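Numbering (the numbering used here), first residue to last: 3 to 66. Heads up, the beta-carbon is just placed ideally off N, CA and C, and yes, glycines get one too. Keep in mind it's a predicted model, so treat the numbers as computed, not measured.
Okay, here's the thing in structure tokens:
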């Protein structure tokens with residue numbers, strides 16, 4: 003994949019208190035991995051795709 007194709011996408015709506023983060027970004031992946039380990043009650047790893055991107059859910063109020 004090209005760098006251009008390696009996206010970070012954040013999705014949330016008005017009903018759900020969680021935001022979904024899909025990313026290829028190495029720094030963000032490391033940060034989310036650490037949060038999923040240290041704060042498993044709030045951050046959850048949902049899936050990893052075959053190209054290495056991961057999807058997480060986090061509290062929507064964390065998204066700035």
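When you compare only the Cα positions, how much space is there between residue 48 and residue 5?
In a straight line, the C-alpha of residue 48 is about 23 Å away from that of residue 5.
With 16 as the cutoff for other CB atoms within 10 Å, does residue 65 come out buried or exposed?
Counting Cβ neighbours within 10 Å, residue 65 comes out exposed, since fewer than 16 surround it.
Would you call residue 11 buried or exposed, if buried means 16 or more other Cβ atoms sit within 10 Å of its Cβ?
Classification of residue 11: exposed, given that the 10 Å Cβ count is below 16.
Closest to residue 56 by C-alpha separation, out of 30, 18 and 19, would be which residue?
Its Cα nearest to that of residue 56, the residue 30 stands out among 30, 18 and 19.
Among all the DSSP beta bridges, which residues are the ones paired with residue 20?
Bridge partners of residue 20: 61.
Backbone CA spacing between residue 62 and residue 14 [nearest angstrom]:
CA-CA distance, residue 62 to residue 14, rounds to 7 Å.
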